[in-house]
Amino acid sequence: MRADDTGGLPYELILVLNRPYMITNNIDVADGLSNGPVVKLCYVEKDKNQYIIRIWTKFPKLCERKRTTKSRNLSVRLNLDDDAVPITPQTP
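Going by the numbering used here, the first residue of the sequence shown is number 116, and it counts up by one from there.
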């Protein structure tokens, strides 16, 4: 990935569980996952090689949470709360 592909963002982020983070881009506007909401990081899911495959967050109650419904089976398997919302990395 080239530097201009990230819009000036760093290649690596240091995230801490149970801390608030502000979404600064549009992930899924129809579901309320757009620029502005503050989320709480609740889980970091990794593959067998310890690479991050998705992060799980809790959004404000105002979000429609279509993603929550779509990912319910996966969140149950990971023993996460019903209102956990997955966010997967964007690839070039």
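Where is the CB? At the ideal position from N, CA and C, for every residue including glycine.
Under the DSSP assignment, valine 159 falls in the beta strand (DSSP E) whose first and last residues are 153-161.
Relative to the Cα of leucine 128, the nearest Cα in the group Ser190, Ile170, Asp196 belongs to Ile170. In this structure, asparagine 150 keeps its C-beta atom at 8 angstroms or more from the C-beta atom of asparagine 164. Proline 201 and valine 144 have their C-alpha atoms some 15 angstroms from each other.
Around the CB of leucine 195, 16 or more other CB atoms lie within 10 Å, so the residue is classed as buried. Annotated as distal: phenylalanine 174 and valine 159, with beta-carbon spacing of 8 angstroms or more. Going by C-alpha positions, aspartate 162 is about 13 angstroms away from threonine 203. At least 8 angstroms separates the beta-carbon of leucine 156 from that of arginine 192. Nearest to isoleucine 138 by C-alpha distance, out of Leu132, Thr172, Ile168, is Thr172.
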